[in-house]
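Accompanying notes for the structure given below.
Numbering (this note's numbering), first residue to last: 5 to 422.
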């Protein structure tokens with residue numbers, strides 16, 4: 005029987021988990037500085053949440069969701085993105101009654117999309133994201149971008165670029181959609197079949213198409229920035245001003261629309277050239293209408309999502325050095341069964357003091373135990389044999405210097421700390 009992980013999924017083995025833990029630690033530290041609190045939402049949601057929230061013209065809803073009927077006949081979907089679930093939580097738990105803005109982040113958030121696995125984007129991948137509710141100000145947009153950039157820089161990533169755009173609001177976007185549709189109608193015969201359908205329902209989605217011929221047609225399409233209303237244009241100028249105030253470099257890219265229908269005004273991506281054509285490490289934007297669309301009181305909101313696998317892939321490609329696991333403080337070598345009992349007790353006592361310790365669990369010889377201790381990169385090795393049992397001592401060896409001394413068992417923890 006050949007048992008393997010399903011296509012598009014990946015194990016995190018012990019040798020790699022330290023990198024994940026370091027990334028998570030950086031994220032928690034940065035989020036704490038900005039006063040952002042962690043939230044956790046279910047892996048499964050009712051399918052309607054994503055159909056209404058993400059948009060039924062998006063690739064996610066049309067092609068990529070893992071949807072099934074449960075035993076009660078309800079349509080359930082594995083979470084394909086993070087924002088809709090947090091909005092549902094915001095409404096259901098009446099978080100609008102809390103002081104606004106309310107800032108939240110999610111971490112190690114499993115996301116499921118049925119698509120061809122890409123560089124750093126698997127069918128099951130994980131996202132870190134920020135969601136801020138209650139403020140319409142561009143300063144919050146800038147703050148979200150600042151959090152994303154700071155996390156990536158603290159991990160050690162280089163050569164990153166922030167790309168900005170604004171896709172307007174219900175006042176100005178219909179006018180832009182009409183101009184875009186008129187342009188695309190002239191190229192309808194060259195569009196892919198999916199984009200032909202989008203042309204009637206949501207022409208903005210065509211700008212996000214990955215088909216090479218569609219992308220080439222869109223290069224000369226009208227730019228949404230030329231159609232913004234005064235409010236949207238003013239918001240975009242303020243965003244650029246705030247980014248300049250806090251020293252974040254950016255470029256304006258009118259082709260960024262993101263792949264989700266709920267965005268209004270600000271959209272942005274942080275890209276890297278070190279993962280090939282799939283260059284986005286993270287991205288997001290403002291979604292001022294989504295809370296209202298899902299049944300809540302209309303509330304301005306902004307956020308972003310960042311694929312953790314992609315961050316780690318970029319770090320690997322750039323040769324980023326992650327912290328090594330902390331070494332064991334003590335390994336206890338034993339010679340004989342009675343000595344092993346004492347070694348087992350000493351190991352437990354050292355752990356009880358908050359230090360990292362281990363002993364043999366394989367019945368190894370004394371020589372093999374020392375060899376194994378060397379692989380663990382331990383600071384000290386304590387050896388217990390018949391002579392040490394009689395005197396209630398251990399032979400304590402500092403591995404870096406090779407200095408060895410006889411120490412009372414009760415003094416081992418004090419000696420290691422000194």
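Just so you know, even glycine gets a beta-carbon here, dropped at the ideal spot from N, CA and C.
Next item on the list: Would you give the residue range spanned by the alpha helix (DSSP H) that residue 178 belongs to?
Entry: By 1-based counting over the chain shown, the position of residue 178 is 174. Where residue 178 is concerned, the enclosing alpha helix (DSSP H) starts and stops at 177-189.
Next item on the list: Starting from residue 338, follow its DSSP beta bridges and name the residues at the other end.
Entry: Position 334 of the chain shown holds residue 338. Answer by DSSP bridge pairing, in chain order: 388.
Notebook entry, point to check: Tell me the DSSP bridge mates of residue 122?
Noted result: For this step, residue 122 is matched to residue 118 along the chain shown. According to DSSP, which records beta bridges pairwise, residue 122 is partnered with 125.
Note to self: To test your reading of the DSSP string, which unbroken alpha helix (DSSP H) runs of 4 or more residues are found completely within the region 210-271?
What the structure shows: Listed in chain order, they are 216-222, 234-249.
Notebook entry, point to check: Exposed or buried, which one is residue 354 when buried takes at least 16 other CB atoms within 10 Å?
Noted result: By 1-based counting over the chain shown, the position of residue 354 is 350. By the 16-neighbour rule on beta-carbons within 10 angstroms, residue 354 is buried.
Check: Going by Cα to Cα distance, which pick from 229, 270, 126 is closest to residue 141?
Finding: Locating residue 141 in the chain shown gives position 137, where the first residue counts as 1. Comparing Cα positions, the closest option is 270.
Notebook entry, point to check: DSSP beta-bridge partners for residue 310?
Noted result: As a first step, residue 310 is located in the chain shown; it is residue number 306 there, counting from the start. According to DSSP, residue 310 bridges with 132, 286.
Next item on the list: Within the same chain, show all residues whose beta-carbon is closer than 6 Å to that of residue 112, passing over the 5 residues directly before and after it, in chain order.
Entry: As a first step, residue 112 must be located in the chain shown, where it is residue number 108. Same-chain partners within the cutoff: 130.
Next item on the list: Look up residue 70 in the DSSP assignment and say whether it is helix, strand or coil.
Entry: Numbered from 1 along the chain shown, position 66 holds the residue referred to as residue 70. The three-state reading of DSSP puts residue 70 in coil, since its state is none of H, G, I, E or B.
Next item on the list: Compare the C-alpha of residue 35 against each of 87, 102, 133, 67 and name the closest.
Entry: Along the chain shown, read from residue 1 onward, the residue named residue 35 stands at position 31. Ranking 87, 102, 133, 67 by Cα distance to residue 35 puts 133 first.
Note to self: Please determine whether the Cβ atom of residue 99 lies at a distance below 8 Å from any heavy atom of the ligand FMN.
What the structure shows: Among the components of this structure there are no ligands whatsoever, and the ligand FMN is therefore not found.
Margin query: Taking 6 Å as the limit between beta carbons, can you name the residues of its chain near residue 175, skipping five residues before and five after?
Written below: The residue you call residue 175 lines up with position 171 of the chain shown. Same-chain partners within the cutoff: 233.
Note to self: Is it buried or exposed, residue 19, if we count other Cβ atoms within 10 angstroms and call 16 or more buried?
What the structure shows: As a position in the chain shown, residue 19 is number 15, starting the count at 1. A residue is called buried when at least 16 other Cβ atoms come within 10 angstroms of its Cβ; residue 19 does not meet this threshold and is exposed.
Notebook entry, point to check: Just reading off the beta strand (DSSP E) that residue 363 is part of, what are its end residues?
Noted result: In the chain shown, counting from the first residue as 1, residue 363 sits at position 359. Under the DSSP assignment, residue 363 falls in the beta strand (DSSP E) whose first and last residues are 361-363.
Next item on the list: Have a look at residue 235 and residue 10 and give me their C-alpha separation to the nearest angstrom.
Entry: Here residue 235 corresponds to residue number 231 of the chain shown, with the count starting at 1. Here residue 10 corresponds to residue number 6 of the chain shown, with the count starting at 1. Computed Cα separation, rounded: 48 Å.
Checklist line | Burial state of residue 213 (16 or more Cβ within 10 Å) | finding: To locate residue 213, count along the chain shown from 1; it is residue 209. So residue 213 counts as buried.
Checklist line | Inside the region 30-108 only - alpha helix (DSSP H) runs reaching at least 4 residues | finding: If we require 4 residues or more, the alpha helix (DSSP H) runs fully inside the region 30-108 come out as 51-57, 87-96.
Check: Roughly how many angstroms lie between the CA atoms of residue 1 and residue 210, to the nearest whole one?
Finding: Here the chain comprises residues numbered 5 to 422, so residue 1 is not present and cannot be evaluated.
Note to self: Measuring straight from C-alpha to C-alpha, what distance separates residue 360 and residue 326?
What the structure shows: Residue mapping note: residue 360 aligns to position 356 of the chain shown, counting from 1. Residue mapping note: residue 326 aligns to position 322 of the chain shown, counting from 1. Approximately 20 Å between the Cα atoms of the pair.
Next item on the list: For residue 239, count neighbouring Cβ atoms within 10 angstroms of its own Cβ and tell me buried if that reaches 16, exposed if not.
Entry: One-based indexing of the chain shown puts residue 239 at position 235. It is buried - the Cβ of residue 239 has at least 16 other Cβ atoms within 10 Å.
Check: Among 94, 241, 256, 311, which residue has its Cα nearest to the Cα of residue 31?
Finding: Indexing the chain shown from 1 puts residue 31 at position 27. Comparing Cα positions, the closest option is 311.
Next item on the list: Spatial neighbours of residue 58 within its chain, please: CB distance less than 8 Å, with the 5 preceding and 5 following residues excluded, ordered by chain position.
Entry: Here residue 58 refers to the residue found at position 54 of the chain shown. Hits under 8 Å: 64, 65, 84, 85, 88, 264, 265, 266.
Margin query: Starting from residue 416, trace the alpha helix (DSSP H) in both directions and tell me its first and last residue.
Written below: Residue mapping note: residue 416 aligns to position 412 of the chain shown, counting from 1. Taken as a continuous stretch (DSSP letters only), the alpha helix (DSSP H) holding residue 416 covers 416-421.
Notebook entry, point to check: Which residues bound the alpha helix (DSSP H) around residue 192?
Noted result: Mapped onto the chain shown, residue 192 falls at position 188. Looking at the DSSP string, residue 192 is not in any alpha helix (DSSP H), and its letter there is neither H nor E.
Next item on the list: Take residue 46 as the anchor and find which of 73, 93, 72 has the nearest alpha-carbon.
Entry: Locating residue 46 in the chain shown gives position 42, counting from the first residue. Of 73, 93, 72, the residue nearest in Cα terms is 93.
Next item on the list: Using beta-carbon positions only, say whether residue 162 and residue 322 come within less than 9 Å of one another.
Entry: Taking the chain shown and counting its residues from 1, the one referred to as residue 162 is at position 158. Taking the chain shown and counting its residues from 1, the one referred to as residue 322 is at position 318. The answer is yes: Cβ separation under 9 Å.
Check: Cβ of residue 309 within 9 Å of Cβ of residue 303?
Finding: Here residue 309 refers to the residue found at position 305 when the chain shown is read from its first residue. Here residue 303 refers to the residue found at position 299 when the chain shown is read from its first residue. Result no, Cβ atoms of residue 309 and residue 303 do not sit closer than 9 Å.
Item checked: Distance between beta carbons of residue 316 and residue 27, contact taken as under 8 Å -> Indexing the chain shown from 1 puts residue 27 at position 23. Indexing the chain shown from 1 puts residue 316 at position 312. Contact holds; Cβ gap of about 7 Å.
Check: When the Cα atoms are used, what is the spatial distance from residue 416 to residue 332?
Finding: For this step, residue 416 is matched to residue 412 along the chain shown. For this step, residue 332 is matched to residue 328 along the chain shown. Going from the Cα of residue 416 to the Cα of residue 332 covers about 14 Å.
Note to self: Can you check which of these residues, 73, 329, 299, is closest to residue 22 by C-alpha distance?
What the structure shows: For the purposes of this step, residue 22 is identified with residue 18 of the chain shown, where counting begins at 1. Looking at the Cα atoms, 329 is the closest of the given residues.
Note to self: Starting from residue 143, trace the alpha helix (DSSP H) in both directions and tell me its first and last residue.
What the structure shows: As a first step, residue 143 must be located in the chain shown, where it is residue number 139. From DSSP, the alpha helix (DSSP H) with residue 143 extends over 142-159.
Item checked: Nearest-angstrom beta carbon gap, residue 338 and residue 388 [assumed within contact, 8 Å] -> For the purposes of this step, residue 388 is taken as residue 384 along the chain shown, with counting starting at 1. For the purposes of this step, residue 338 is taken as residue 334 along the chain shown, with counting starting at 1. So it is a contact: roughly 5 Å between Cβ atoms.
Next item on the list: Indicate the three-state DSSP secondary structure (helix, strand or coil) for residue 274 in the structure shown.
Entry: Here residue 274 refers to the residue found at position 270 when the chain shown is read from its first residue. If DSSP states are grouped into helix, strand and coil, residue 274 belongs with the strands.
Checklist line | C-alpha gap between residue 144 and residue 38, whole angstroms | finding: On the chain shown, position 140 is the one that residue 144 refers to. On the chain shown, position 34 is the one that residue 38 refers to. The C-alpha of residue 38 is placed about 11 Å away from the C-alpha of residue 144.
Margin query: On the DSSP bridge list, what partners appear for residue 114?
Written below: What you label residue 114 is simply residue 110 of the chain shown in a count that begins at 1. Per the DSSP secondary-structure output, residue 114 pairs in a beta bridge with 130.
Item checked: Straight-line gap, residue 372 to residue 289 (C-alpha atoms, nearest Å) -> Start at 1 with the first residue of the chain shown, and residue 372 comes out as number 368. Start at 1 with the first residue of the chain shown, and residue 289 comes out as number 285. Spanning the two alpha carbons is a distance of roughly 57 Å.
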